[in-house]
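If you read the protein sequences in the order shown, they are chains A and B. Its first residue numbered 6, the first sequence is counted upward by one per residue in the working numbering. Its first residue numbered 6, the second sequence is counted upward by one per residue in the working numbering. Quick reminder that beta carbons are idealized off the backbone N, C-alpha and C, glycines included. In what follows, a structure is listed as structure tokens, so that the remarks can point back to it.
2 protein chains.
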Amino acid sequence: MVGPTMTVALLSIGTELLRGEVANSNATWLAEELTLLGFTVAVVETVPDEPEALGEALRRLGSRHDWLIATGGLGPTSDDVTAAVAAEVTGRELQCDQDALAAIEHELEHRGQPLRPGHEKQAWVPAGSELLPNARGTAPGFLVRLSRAAAFFLPGVSHEMQQIFREHVCPRIAAAAPRTSFQICLRTYGAAESLVGERLSGLEQEFTGLVLGYCVRGPEVDVKLLVRATSYAQAREQAEAAARSARERLGALVYGEGEDTLPRLARRLLREKGWRLAAAESCTGGLLSELLTSEPASDFFVGSAVTYANSAKTALLGVSEEALRGHGAVSAEVAAEMAEGARRALGCEAALAVTGIAGPSGSSSGKPVGLCFWAVAHPGGTRVEHATFAGSRTEVQRHAALAAFDLLRRTVS
Amino acid sequence: MVGPTMTVALLSIGTELLRGEVANSNATWLAEELTLLGFTVAVVETVPDEPEALGEALRRLGSRHDWLIATGGLGPTSDDVTAAVAAEVTGRELQCDQDALAAIEHELEHRGQPLRPGHEKQAWVPAGSELLPNARGTAPGFLVRLSRAAAFFLPGVSHEMQQIFREHVCPRIAAAAPRTSFQICLRTYGAAESLVGERLSGLEQEFTGLVLGYCVRGPEVDVKLLVRATSYAQAREQAEAAARSARERLGALVYGEGEDTLPRLARRLLREKGWRLAAAESCTGGLLSELLTSEPASDFFVGSAVTYANSAKTALLGVSEEALRGHGAVSAEVAAEMAEGARRALGCEAALAVTGIAGPSGSSSGKPVGLCFWAVAHPGGTRVEHATFAGSRTEVQRHAALAAFDLLRRTVS
């Protein structure tokens with residue numbers, strides 16, 4: 006093991022986060038970026054837009070960590086207090102930065118909007134802080150020292166925050182990233198965490214400096230193999246050796262590594278194979294297509310028929326009345342006809358289909374909520390699988406979509 | 006203003022959260038549930054699966070807050086240390102709870118799985134703690150006192166955590182909810198935060214105890230009107246009066262309140278009108294349908310054609326070669342033909358369509374990334390609108406889908 010590494014604290018500022026009105030996606034994004042850069046994020050803390058709580062957190066985190074990245078509370082409205090509290094905690098005056106004001110006026114002119122008092126407020130930052138220009142909005146970020154920590158304050162609007170982070174934060178911190186650890190993440194599908202853990206039992210004893218971590222994401226289990234060593238090269242070598250051993254123990258459960266996801270793997274396999282894909286969805290209601298198209302997909306993805314009603318299954322996919330009446334919309338027969346119909350209607354080499362009962366109600370004639378059928382139609386034939394998934398409506402939809410991608414991976418690869 | 010209220014701290018335990026590998030959806034969910042119950046969530050903190058950091062957070066949060074709800078780190082694998090650290094912080098022994106062990110064995114028997122050593126580990130909880138049974142998984146939660154706080158420890162698997170929270174945490178805390186504040190959230194669409202803030206400027210001075218909060222969610226701005234008073238009835242009355250005044254100032258920008266979202270509003274308006282809906286999507290790739298069907302929708306939603314390729318637009322929707330060649334797939338003409346084609350093919354009163362350039366690449370012949378057209382076809386005709394949205398691919402897709410829902414609201418209501 007090596008000595009203490011430099012640590013980063015993330016501070017998310019916003020009462021709406023503490024009310025659960027929005028997910029804290031900024032913290033997730035920053036944590037991932039910082040981890041990839043080689044930093045250890047030691048804590049993520051969320052506090053309300055209230056001077057007392059915010060001031061206490063800034064003092065505590067600023068004295069314990071080397072870097073502090075705060076987001077939120079720099080907006081134009083009366084509840085945005087971050088700059089004022091940062092000034093108070095650092096014993097500085099809040100002052101109007103003329104460069105910031107000019108940039109705000111320029112941005113508004115570009116948008117054809119007048120300068121409002123709320124906009125002008127955004128140019129007020131702690132005296133002597135370093136300005137971090139915002140190329141996408143009006144609120145600039147700023148950098149100021151908080152006892153031990155270099156503290157970056159960024160706006161809460163995601164795309165503005167991300168742009169400032171990449172343009173102005175990364176260049177200032179990247180050189181300090183302590184590169185003495187290496188992590189490999191194996192992505193698995195098809196087994197519960199306890200089984201995955203059991204297959205890897207004893208692995209930590211075989212490789213010096215190895216720490217195993219498990220992360221359950223719906224039906225998937227990620228296995229993180231982190232190695233800390235005295236050098237980056239050594240850590241990497243050990244991690245790669247441990248990953249090879251883990252892959253042997255886990256076999257086909259491992260579908261990918263690092264940034265892989267089942268939809269990403271599907272995109273890659275289809276491109277390698279030169280196949281175009283169509284889809285037909287019932288209970289997933291568009292989710293399967295959305296997962297495919299959340300990244301560029303127009304080179305292989307032709308389209309999907311989201312056939313929620315039986316009439317749509319017939320109109321768009323030509324599913325037969327016999328199958329719908331004889332077996333019901335949630336059946337192996339209909340799943341197969343949906344996949345074959347999508348493949349035919351959209352002229353593709355392969356098609357995926359999903360039909361099921363997402364819930365919370367809708368169980369009928371002995372078919373429970375959560376029962377889903379999924380199918381792949383391809384030049385070699387049609388395969389159908391099914392399962393009954395537990396969880397909420399959203400979880401059932403997600404499980405079903407991922408099961409279809411897993412079937413595709415096993416079919417194509 | 007009233008005196009200090011009882012506060013809740015949320016502690017999320019898991020190294021994967023600090024690496025940005027998964028979003029902290031448990032904290033968002035708990036924060037929303039607790040807020041609805043009337044509690045104030047004072048802080049959300051995320052710490053790694055490491056005894057030292059976890060112990061420090063438990064001691065600090067346990068001494069400052071009345072309730073602590075911790076999630077994560079109760080799993081079967083070696084990185085799960087929560088129960089051991091909770092025992093250490095409270096000065097208790099970790100002991101095997103026989104009821105918990107019996108419940109785990111019962112759950113595994115139900116699943117047809119053998120008891121593994123990792124499962125047995127989950128029955129070890131701090132001595133004298135109160136068990137919170139897990140009806141959906143193997144890891145039970147437990148309740149133990151941590152200096153000031155009653156501390157609930159729950160598993161990190163979402164549906165298990167939610168079930169234990171509803172069954173075992175709520176009944177123990179609900180009676181203590183301090184009902185002396187009332188909040189109304191107005192949801193707006195169509196104006197930037199600064200303009201919304203300006204329209205409401207001075208409102209806080211007109212209503213005693215009113216605190217305004219703003220939350221930007223993509224193209225939407227939520228306005229929170231929170232009133233604290235000496236009684237719940239008084240707080241509620243003031244908040245309702247303030248909300249009426251805010252609605253007058255904001256006019257048609259307000260599309261809803263509370264739990265309303267544009268997709269939810271669309272579902273309600275369509276049901277009221279008795280219209281069935283179809284959709285046709287290009288750049289949103291299924292997102293529009295997914296937003297519609299994330300809650301039950303089979304009584305009005307017939308289906309959607311996700312026509313990613315031009316060939317799919319022709320095959321499923323009958324979009325004309327003339328429109329595609331003469332104006333391009335991203336055009337008002339094609340948006341209109343897509344909506345009309347979906348309405349015709351799926352036999353609905355109304356249809357929404359979206360086409361655009363989600364990016365990051367794909368701009369062509371003078372059409373920039375972010376340019377989107379959306380249309381509604383209905384018995385009274387077809388309307389098309391367009392805009393160029395800023396942000397990432399995902400953000401452009403989301404903006405376009407919401408713009409279509411907003412057009413539907415203005416058309417139907």
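Contact check for Thr82(A) against Ser366(B) fails: the beta carbons are separated by 9 Å or more. Under the three-state reduction of DSSP, Trp280(B) is assigned to coil, being neither helix nor strand. Proximity of Cys220(A) to chain B, defined by a Cβ-Cβ separation below 9 Å, is satisfied. Within the region 296-361 of chain B, the complete beta strand (DSSP E) segments of 3 residues or longer fall at 306-312, 355-361, listed in chain order. Here Gln100(B) carries a strand assignment [DSSP, helix/strand/coil].
A residue is called buried when at least 16 other Cβ atoms come within 10 angstroms of its Cβ; Glu21(B) meets this threshold and is buried. Exclusion of the five residues before and after Gly214(A) leaves Met6, Val232, Arg233, Ala234, Ala240, Gln243 as the residues of its chain whose Cβ lies within less than 8 Å of its Cβ. In the three-state scheme derived from DSSP, where H, G and I count as helix and E and B as strand, Val201(A) is classed as helix. Beta-bridge partners assigned by DSSP to Pro53(A): none are found.
It is roughly 16 Å from the alpha-carbon of Gly223(B) to the alpha-carbon of Ala32(A).
For the region 78-137 of chain B, the continuous beta strand (DSSP E) assignments of 3+ residues that do not extend past its boundaries occur at 99-101, 129-131, 135-137, in sequence order.
According to the DSSP assignment, Val221(B) belongs to the beta strand (DSSP E) that extends over 215-222. Beta-bridge partners of Arg150(B) (DSSP): Ala155(B). In this structure, Ala105(B) lies away from Pro131(B), with their beta-carbon atoms at least 9 Å apart. Of all residues in the region 147-168 of chain A, only Gly161, Val162, Ser163, His164, Gln167 place a beta-carbon less than 9 Å from a beta-carbon of chain B. With a cutoff of 9 Å on beta-carbon distance, His164(B) and Ser368(A) are scored as not near each other. Per DSSP, the beta-bridge partners of Trp379(A) are Val359(A), Glu390(A).
A straight-line Cα-Cα distance of about 22 Å links Gly161(A) and Gln103(A). Ala344(A) is positioned such that its CB atom lies no closer than 9 Å to that of Arg281(A).
Ranked by Cα distance from Gly77(B), the first of Thr143(B), Thr12(B), Glu112(B), Phe158(B) is Phe158(B).
The beta carbons of Leu292(A) and Gln402(A) sit about 5 Å from each other, so the pair counts as a contact at 8 Å.
Within the region 235-278 of chain A, the alpha helix (DSSP H) runs of at least 4 residues that lie entirely inside it are, in chain order, 237-255, 267-278. Look at the region 28-48 of chain A: the residues with a C-beta under 9 Å from a C-beta of chain B are Ala28, Asn29, Ser30, Ala32, Thr33, Trp34, Leu35, Ala36, Glu37, Glu38, Leu39, Thr40, Leu41, Thr45, Val46, Ala47, Val48.
Under the three-state reduction of DSSP, Cys175(A) is assigned to helix. Rounded to whole angstroms, Arg276(A) and Ser303(A) show a C-alpha spacing of 11 Å. Identification of residues in the region 308-330 of chain A having a C-beta nearer than 9 Å to some C-beta of chain B yields Gly308, Ser309, Ala310, Val311, Thr312, Tyr313, Ala314, Ser316, Ala317, Lys318, Ala320, Leu321, given in sequence order.
Under the Cβ distance rule, Cys175(A) does not count among the residues neighbouring chain B, no pair being separated by less than 9 Å. Of the other Cβ atoms in all chains shown, fewer than 16 fall within 10 Å of the Cβ of Gln210(A); this residue is therefore exposed. Here Cys377(A) is buried. Its C-beta has 16 or more other C-beta atoms within 10 Å. Linking Glu112(A) to Glu262(B) through their CA atoms gives a straight-line distance of about 32 Å.
Our two residues, Val27(A) and Cys220(B), have alpha carbons roughly 8 Å apart in a direct line. Taking a C-beta distance under 9 Å as the contact criterion, Asp85(A) and Val13(A) do not qualify as a contact pair.
Identification of chain A residues near His124(B) by a Cβ-Cβ cut-off of 8 Å yields Ser199, ordered along the chain. Identification of residues in the region 389-408 of chain B having a C-beta nearer than 9 Å to some C-beta of chain A yields Ala395, Gly396, Ser397, Arg398, Thr399, Glu400, Gln402, given in sequence order. Interface criterion not met: the Cβ of Gln243(B) is under 9 Å from no Cβ in chain A. Between Arg252(A) and Leu191(A), the C-beta spacing is below 9 Å.
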